[in-house]
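Number of protein chains: 4
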Amino acid sequence: MNTIPVDNLGKPAIQSPLALKKQKSFISDTASIIYHVHKEEIAKELDENGLTFFELAGPRETIYFNPKEITCGIVTCGGLCPGINDVLRAIVIELFERYGCNKVLGFHYGYKGLTSKSELEPLFLNPDNVDNIHTTGGTILSSSRGPQDPEEMVNTLIKRNIKILFVIGGDGTMRGAQVLVEHIKKRNLKISIIAIPKTIDNDLNYVEKSFGFETAVEEAMRVIDSAHVEAKGAPNGIGLVKLMGRFSGFIASHASLASSNVNFCLIPEVPFKLYGEDGFLACLENRVKNKSKRHAVIVVAEGAGQSIIEKTMDKETQDASGNIKFKNIGNFLKTEIEKFFSEKNVEANVKYIDPSYIIRSVPANAFDSAYSLVLAQSAVHAGMAGKTNILIGYWNHHYTHVPINMTIEKRKQINPNSRLWQTVMETTLQPESIFL
Amino acid sequence: MNTIPVDNLGKPAIQSPLALKKQKSFISDTASIIYHVHKEEIAKELDENGLTFFELAGPRETIYFNPKEITCGIVTCGGLCPGINDVLRAIVIELFERYGCNKVLGFHYGYKGLTSKSELEPLFLNPDNVDNIHTTGGTILSSSRGPQDPEEMVNTLIKRNIKILFVIGGDGTMRGAQVLVEHIKKRNLKISIIAIPKTIDNDLNYVEKSFGFETAVEEAMRVIDSAHVEAKGAPNGIGLVKLMGRFSGFIASHASLASSNVNFCLIPEVPFKLYGEDGFLACLENRVKNKSKRHAVIVVAEGAGQSIIEKTMDKETQDASGNIKFKNIGNFLKTEIEKFFSEKNVEANVKYIDPSYIIRSVPANAFDSAYSLVLAQSAVHAGMAGKTNILIGYWNHHYTHVPINMTIEKRKQINPNSRLWQTVMETTLQPESIFL
Amino acid sequence: MNTIPVDNLGKPAIQSPLALKKQKSFISDTASIIYHVHKEEIAKELDENGLTFFELAGPRETIYFNPKEITCGIVTCGGLCPGINDVLRAIVIELFERYGCNKVLGFHYGYKGLTSKSELEPLFLNPDNVDNIHTTGGTILSSSRGPQDPEEMVNTLIKRNIKILFVIGGDGTMRGAQVLVEHIKKRNLKISIIAIPKTIDNDLNYVEKSFGFETAVEEAMRVIDSAHVEAKGAPNGIGLVKLMGRFSGFIASHASLASSNVNFCLIPEVPFKLYGEDGFLACLENRVKNKSKRHAVIVVAEGAGQSIIEKTMDKETQDASGNIKFKNIGNFLKTEIEKFFSEKNVEANVKYIDPSYIIRSVPANAFDSAYSLVLAQSAVHAGMAGKTNILIGYWNHHYTHVPINMTIEKRKQINPNSRLWQTVMETTLQPESIFL
Amino acid sequence: MNTIPVDNLGKPAIQSPLALKKQKSFISDTASIIYHVHKEEIAKELDENGLTFFELAGPRETIYFNPKEITCGIVTCGGLCPGINDVLRAIVIELFERYGCNKVLGFHYGYKGLTSKSELEPLFLNPDNVDNIHTTGGTILSSSRGPQDPEEMVNTLIKRNIKILFVIGGDGTMRGAQVLVEHIKKRNLKISIIAIPKTIDNDLNYVEKSFGFETAVEEAMRVIDSAHVEAKGAPNGIGLVKLMGRFSGFIASHASLASSNVNFCLIPEVPFKLYGEDGFLACLENRVKNKSKRHAVIVVAEGAGQSIIEKTMDKETQDASGNIKFKNIGNFLKTEIEKFFSEKNVEANVKYIDPSYIIRSVPANAFDSAYSLVLAQSAVHAGMAGKTNILIGYWNHHYTHVPINMTIEKRKQINPNSRLWQTVMETTLQPESIFL
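Chains as they are written, first to last, in UniProt numbering: chain A, 1 to 436; chain B, 1 to 436; chain C, 1 to 436; chain D, 1 to 436.
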């Protein structure tokens, strides 16, 4: 019975303001949630080192910081995602209205806002100026990519009296947060770094579903429906949709299930054959030639089929900056499909849609709004309690504390033998033969 | 390590057609998923009778029925819910396209369609005539409430050669299914009854989230947003929204989190005080009188405050058919609030919205579409495998087999000490004092 | 060839800042748009007093006010409507960014904000603080109903140096604006009153379509679709939807056309028979009893059938405050329908939906956003040019100047012989017999 | 007073079934609607040849065909557009339910379906099988482009006893309809060709607004909002959206007004300068460098800037099939903007979105649904009355009969001096200097 330990800045010794507000239930540090749920995995763990648990997130009765004395900071990093503004808003409201904090700084353009490169003063956030921000997508703090000098960032935190920094970001951002934590430790500072995982691709480990993901799937489904309508509207119509997902096909898979009009779903985790008798193109032809169908819908994640593209690129194309261009699996498939049908002298109308940013820059739907809210509240509770070096996870329907380093070990991907992928196979009715 | 046992019609002995289609992974009957996830509950179970597990749903390698020889039936019972047509469609497509069934009958108007009272012949369903039904809310089979004579229903099943009956419904429908199962057993028939739980209130036990629930919350959030806009648009504006939820406040609670503009959320599970110094009305007045707010938004589940209504009803009102009228908590609160402010000579504009059926008759959103799809596929797998007397549950992110009788023991409700309700308290900032 | 004359504060003598910005085209005061478009009406006018025209709205090359020296004011009055915030935003941006104004005051809670009763200081509006307001319904200035003392309002205008007051409101607001104009004239002040017509019911004369109307119809259609789904989902299901429209049935009519699933559409302008052989109830029964239909959808405007309700109310009910209650045509019809079917011993499931504020408190759709924008820009041009006592109309696809008094003579209503109503008859297929 | 004459197959002599149904009002052939509405144009016409009018559409009391004896046909041609299924549905319902027709054939894949190339039998359409089709975008009949042999098409019409052919299509389709009409006349047949204008670009003359246009603008606005969010979310973010519009910038212009977050709107009708001191790129830099903005949103119609692309293409690129590729103004602008900023060593994040088919394959919104419905009903009335060689127009808020040949003379485009374009200039605040 091992709960994964998390870092604490010190022993909490201050009664939580929530206790004074007659909050009825608090979460103790021993409360935790099981990691594995499958019988066979549990049996194995019981036989070996005992069951693994995650510490539960939530309000602690005793906290580490005096809310009235500290300043909190927030940065939003990496690509956009539905719900960031919900998270920002909920952090600010929780800090002010529940804990009685009155200084919250929003740094602009991600980690850059914590350095001297920043041209903008941080924004003083309060419940009034965040009141309505969640009705718009994106982040009011703007974002940027890439690491920054940790020394400089820590100096800013000190200068601004930041005691809790909320970091909203993905994979790369977590690595940055790690470095920041190390520098804070090295300098023996009592500054808490609390991360809220943000990834449109839903590819962070120990996070069942990232915020904004459902909204993105909703938008992706709309796009697939358009492709389906177009495919059915033209002779031998082929709707082709490229969706986000560099290393993980979660959006493509879930959107294919949600739409249920998809005939082929190609993702990075399951390599496929393009050519040959039972390759993708031949199977596509079968589908389109089916007299009662006469159309097809294909969904492809942007990271799918990269090895095929590389193989088929000849030298010349590569030189002419084709490199970047041809790695676009959407354009590549469009060209290959058109070539394939044209060589067979069969009319085919490929309707290619690349929704790009459309699926990620909308406001959060109801689920993601509520989810973002509770992630944010959990982050505030964690920070106030003096936790650090953690992200707020979501596991078996509970909010958890996960050490940041655990999440950057490797990316979450779809297991081809999982029920998820099997269900995609079941729903698309795409033949196993096209996959390697 | 106990997996809750489920009924089987007999030993499956036929190779699944999916195996012939090179399906890679099947689910064994021993695969199962843990029930409790909290450390303390697990510790307790380990100390006592061992951990409890649910059997996992999914395709079995060996099945009980020969798909080509049987007829399957479907009924949809009780109130509408987003996603019923998705379930219907997915059952039909799975039966035809994956298992090779070719006879599926849809009975009209719920259980009534299985009796001689039915004026309509059952509908022959096939992939073509269900192709587009999921774009519309409701159920193409229509629905009805109430029990029917089980004897007569079993006779219809025999007459129509129905070997698997898929029953889509809630609480009452499950009781009906129980009775049906008993009569089938008594008559020694090999007919499988597979239930797919449908409840807009999300109040079925052992089902983490019922299909259509998220869509309903989405619509409810839209309505709350309207009430919020109206409340802010008038002097001392008070937006009041009544939402579905007779015994469980899940829609009200989740919609309050999703909207995050709700100041009071009243649900059946947590009784409240209307009058008195720190009662609801006094706290509402405080909120509205707050110079920087000047408005309030209230969400009330239809089952909330029933005991208060009964107490305040005088004899006369009851006689004049007031009985029905006054049990409407929305109208009741509207009247009480107006009276309260009017007695204090304070202007107050109560904007009451009762969205009623609006939140449940829309098509499913992306999540619910995908969820309905997999529930349906799981139901088909279970039926084909000869399971019976079960419903398809969803637990810790996995699809499960749950004995029907387990779900009708008691309703799922919100525990006032749960994180869910605590989060609603945290988000609305409503005072604990108004609750008993 | 008569253009309806409008009031001017004086002769414009200042070159418009737009001219300095190289604006290519200006509108002259003689540019105007025809009133009648039907051949027979035109022939008649040509025979009699000559054709009638409305002055065209738009930027004038010479203006009356020096934008840098004046303060502008805005009030929003009456009920909410999609697009008010779009109008506010566009007025502010046009004044600042195009004309170089830098003082715009938003008064709270309608005309009340111009009096000493106002508890709030007016809001200084600028492009920054209105930047994102159009993503939310309602009005950031809040609204209120009812007239205020004109003397006091004029005093406020003087005190605040308001030279142009933009008044956003409906029927009642226009009457208020009239009184204000008279007082301004009496006191010989050079203050311009420019109205932007706002009416969710679309019942203002000389305004083809009021802003927000299309959005309201869109929402109403969604509600009707819900009622349709519910009606089809239950035995002899009858969907009944009450929509806004006290004196004019525009929303009910247009929503019935948009949904095209409506079987009966009842509006204030066309009285109907409830009882009797070919009355509404009998025809409803016919529809429901039709074996291939088995359901019906009814849309009723809130102002329809008022005379029937009055007739059927007995004395007693009236006394017991039943007055208000029974004038609710939705509840009344629900009761009568249920009684009618119950007396005939026919099962009928009436699904009543009263969306109330839902249809008017959403943000504007694309059309209404663009329309609100140009109305607002036209209002700014008119005010700057020294026009007064006008509202911005929309006629034959052009923006116009209409004297305020013309619009309050009588309400715009649906002519039962118009193509609009005939098209509703054509689409619902409701029998002529039910109408008087 | 000249009404533009339209073709009639002969003198109508049959009493309309609508008259038997007690329809109250019919439209006479003399009823008509004025063409010009501007005072100066009217004055000029009065001086010269008299005012011009369009014949009004609507039901005639006497009709030409006996509905019970004829077959009607429908084809849908060209690109998709929201509302086609609404039109199909309404034609069928009007023919069956109002006129008593009982044979309506839907030909597949446009004009091709009227030839021997068609592999599919035409579909027998009736109120049941079109009941729910309008909830999905596209056309259930599918579509295709290009002309077909008119002789063969006429033969099919004869063979199938088609007396009225409803043709739904745009520019090219109208030319095809013209040829068909000529062949029908030459062969002395009494077959009516009634066109319903369909163009997503809204570029058909004498049609104020084409059906589906508003829906497309709504979707385009959503996409622009995404681009706006992305632009604000990154350092020096530049949102770039390419919208449909080969020769006319109506979608780009109206979507820019609707979104009101657009800083540059480029359309085919108004050529622009890319380079140079006051060219587009320099002005874009100014906007982005503005410290209080730091972002920009650009909307470009696909037909804009074609002459610039041609000039900048060097020989080599043209040869390598670059021809097609480089005419993509979206990609071209993206490249040029990135090059421009990179040469200046200024960070710029161009977020390019090409929604392509997304904006046209959705179901119609409420306005377009109602509009499509009445267009269809008007088409049926016209066909039944023996009109031919016309399209159903919409002018000054009335449905009209327009000779087909009038609409193909030239395309409707935006006049740079029109209020529409001036309003776009006013709203985007883009400088006049960038336009030639």
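By construction, the Cβ of each residue, glycine as well, lies at the ideal position given by its N, Cα and C atoms.
B:ILE251, DSSP secondary structure in three states: As a working mapping, residue 251 of chain B is identified with position 251 in the second sequence. Three-state result, B:ILE251: helix.
Can you round the beta-carbon distance between A:ASN345 and A:ARG294 to whole angstroms, since I take them to be within the 8 Å contact cut? Reading the first sequence from its first residue, position 345 is the one you call residue 345 of chain A. Reading the first sequence from its first residue, position 294 is the one you call residue 294 of chain A. 17 Å between Cβ atoms; not a contact.
In whole angstroms, what is the alpha-carbon distance linking A:LEU114 and A:GLU152? As a first step, residue 114 of chain A must be located in the first sequence, where it is residue number 114. As a first step, residue 152 of chain A must be located in the first sequence, where it is residue number 152. If you take the alpha carbons of A:LEU114 and A:GLU152, they lie about 7 Å apart.
Just to confirm, does A:LEU266 get its C-beta within under 7 Å of one of the non-hydrogen atoms of the ligand COA? By its list of ligands, the structure shown contains no ligand whatsoever, and the ligand COA lies outside what it can speak to.
Does any residue of chain C bring its CB to less than 8 Å from the CB of B:LYS44? Here residue 44 of chain B is taken as the residue at index 44 of the second sequence, counted from 1. Output row for B:LYS44: interface = no.
Assign A:THR388 to one of three DSSP states: helix, strand, or coil. For the purposes of this step, residue 388 of chain A is identified with residue 388 of the first sequence, where counting begins at 1. In the structure shown, A:THR388 sits in a strand (DSSP, three-state: E or B).
Looking at C-beta atoms only, is the number of pairs between the segment 1-15 of chain D and the segment 48-60 of chain D that lie closer than 8 Å three or more? yes
Nearest neighbour of C:ILE196, chosen from C:PRO122, C:ASN85, C:ASN8 [CA to CA]: Stepping through the third sequence from its first residue, residue 196 of chain C is reached at position 196. Closest option to C:ILE196, Cα to Cα, is C:ASN85.
Determine whether the beta carbon atoms of D:GLY303 and D:GLY245 lie at a separation below 8 Å. In the fourth sequence, the residue the question calls residue 303 of chain D occupies position 303. In the fourth sequence, the residue the question calls residue 245 of chain D occupies position 245. Yes, the pair counts as a contact, with Cβ atoms nearer than the cut-off.
Which listed residue (B:ASN132, B:LYS112, B:LEU373) has its alpha carbon closest to that of B:PRO150: Along the second sequence, one-based indexing puts residue 150 of chain B at 150. Cα-wise, what sits closest to B:PRO150 is B:LYS112.
For C:GLN15, count neighbouring C-beta atoms within 10 Å of its own C-beta (all shown protein chains included) and say buried if the count is 16 or more, exposed if not. Stepping through the third sequence from its first residue, residue 15 of chain C is reached at position 15. C:GLN15 should be labelled exposed.
Quick one: which chain D residues come within Cβ less than 9 Å of B:THR135? As a position in the second sequence, residue 135 of chain B is number 135, starting the count at 1. Per Cβ cutoff of 9 Å: ASN132, THR135, THR136, PRO363.
So, with DSSP's three-state summary, where would you put A:VAL300? Translated into the one-based positions of the first sequence, residue 300 of chain A becomes position 300. It is a strand residue.
Does the Cβ-Cβ distance between C:LEU123 and C:GLY73 come in under 8 Å? Here residue 123 of chain C refers to the residue found at position 123 of the third sequence. Here residue 73 of chain C refers to the residue found at position 73 of the third sequence. Not in contact: C:LEU123 and C:GLY73 (Cβ atoms no closer than 8 Å).
Which residues of chain B have a Cβ atom closer than 8 Å to the Cβ of C:ASP354, listed in chain order? Stepping through the third sequence from its first residue, residue 354 of chain C is reached at position 354. Ordered by position in chain B, the residues that pass the 8 Å Cβ test against C:ASP354 are ASP354, SER356.
May I ask you to report which of helix, strand or coil DSSP gives B:THR407? Your numbering for residue 407 of chain B matches position 407 in the second sequence. In the structure shown, B:THR407 sits in a helix (DSSP, three-state: H, G or I).
Could you pull the start and end residues of the alpha helix (DSSP H) that C:GLY233 belongs to? The residue you call residue 233 of chain C lines up with position 233 of the third sequence. Residues 213-233.
If the criterion is Cβ atoms closer than 8 Å, does the pair C:CYS265 and C:ALA252 meet it? Here residue 265 of chain C corresponds to residue number 265 of the third sequence, with the count starting at 1. Here residue 252 of chain C corresponds to residue number 252 of the third sequence, with the count starting at 1. Yes, they are a contact pair.
In the segment 190-224 of chain D, which residues sit with their C-beta less than 7 Å from some C-beta in chain G, listed in chain order? No chain G appears in the structure shown, which is made up of the protein chains A, B, C and D.
Just mark C:ALA43 as buried or exposed, buried being the case when its beta carbon has 16 or more other beta carbons within 10 Å. Translated into positions along the third sequence, residue 43 of chain C becomes position 43. Exposed, since its Cβ has fewer than 16 Cβ neighbours within 10 Å.
Between D:ASP34 and chain C, is the shortest Cβ-Cβ distance under 8 Å, so that the two count as touching? As a working note, residue 34 of chain D is residue 34 in the fourth sequence. Per the sequence presented here, residue 34 of chain D reads as Ile, with Asp not at that position. It does; some Cβ of chain C falls within 8 Å.
Is the segment 358-365 of chain D touching the segment 215-227 of chain A, taking contact as three or more C-beta pairs under 8 Å? yes
Using the rule of at least 16 other Cβ atoms within 10 Å of the residue's Cβ for burial, across every protein chain shown, is A:LYS24 buried or exposed? As a first step, residue 24 of chain A is located in the first sequence; it is residue number 24 there, counting from the start. Taking all protein chains in view, the Cβ of A:LYS24 is surrounded by fewer than 16 other Cβ atoms within 10 Å, so the residue is classified as exposed.
At a CB distance below 8 Å, what residues from the segment 94-122 of chain D approach chain C? Give them in sequence order. Here the close residues are GLU94, GLU97, ARG98.
Of the listed residues D:GLU208, D:LYS273, D:GLY110, D:LEU257, nearest to D:ALA220 (C-alpha basis): Looking up residue 220 of chain D in the fourth sequence gives position 220. Here the closest residue by C-alpha is D:LEU257.
How is the beta strand (DSSP E) around A:LEU266 delimited, first residue to last? By 1-based counting over the first sequence, the position of residue 266 of chain A is 266. Residue range 264-266 is occupied by the beta strand (DSSP E) that includes A:LEU266.
Name the DSSP bridge partner or partners of B:VAL167? Looking up residue 167 of chain B in the second sequence gives position 167. Its beta-bridge partners are B:VAL75, B:ALA195.
Under 7 Å by beta carbon: chain C residues contacting B:VAL297: As a first step, residue 297 of chain B is located in the second sequence; it is residue number 297 there, counting from the start. Ordered by position in chain C, no residue passes the 7 Å Cβ test against B:VAL297, which lies about 12 Å from the chain.
If I'm right that C:LYS273 touches C:LEU436 with Cβ under 8 Å, what's the distance once you round it to whole angstroms? Position 273 of the third sequence, counting from 1, holds the residue named residue 273 of chain C. Position 436 of the third sequence, counting from 1, holds the residue named residue 436 of chain C. C:LYS273 to C:LEU436, Cβ: 6 Å. Contact.
Would you check if the distance between the CB atom of C:LEU373 and the CB atom of C:ALA90 is smaller than 8 Å? Taking the third sequence and counting its residues from 1, one reaches residue 373 of chain C at position 373. Taking the third sequence and counting its residues from 1, one reaches residue 90 of chain C at position 90. Their beta carbons are under 8 Å apart, which means C:LEU373 touches C:ALA90 by this criterion.
Neighbour list for C:ALA370 in chain D, Cβ cutoff strictly below 7 Å: On the third sequence, residue 370 of chain C is found 370 positions in, with the first residue counted as 1. Going along chain D in sequence order, the residues near C:ALA370 (Cβ under 7 Å) are HIS254, LEU257, ALA258.
From the DSSP output, read off the bridge partner residues of B:SER32. Position 32 of the second sequence, counted from the start, is the residue given in the question as residue 32 of chain B. B:SER32 pairs with B:GLU55.
Please confirm whether A:LYS334 has its beta-carbon closer than 8 Å to some beta-carbon of chain D. Mapped onto the first sequence, residue 334 of chain A falls at position 334. So, not an interface residue.
Quick check: what's the CA-CA separation for D:TYR357 versus D:LYS11? Sequence index remark: in the fourth sequence, residue 357 of chain D carries index 357 (1-based). Sequence index remark: in the fourth sequence, residue 11 of chain D carries index 11 (1-based). Cα to Cα, D:TYR357 sits roughly 44 Å from D:LYS11.
Chain-order list of residues whose beta-carbon lies under 6 Å from that of C:GLY322 (same chain, five-residue window excluded): What you label residue 322 of chain C is simply residue 322 of the third sequence in a count that begins at 1. At C:GLY322 the pLDDT is 36, less than 50, meaning the model places this residue with poor confidence; the figure from the coordinates comes in the next sentence. Correct list: empty, nothing qualifies.
Boundaries of the alpha helix (DSSP H) in which B:LEU420 is found, first to last residue: Here residue 420 of chain B refers to the residue found at position 420 when the second sequence is read from its first residue. Start and end: 419-428.
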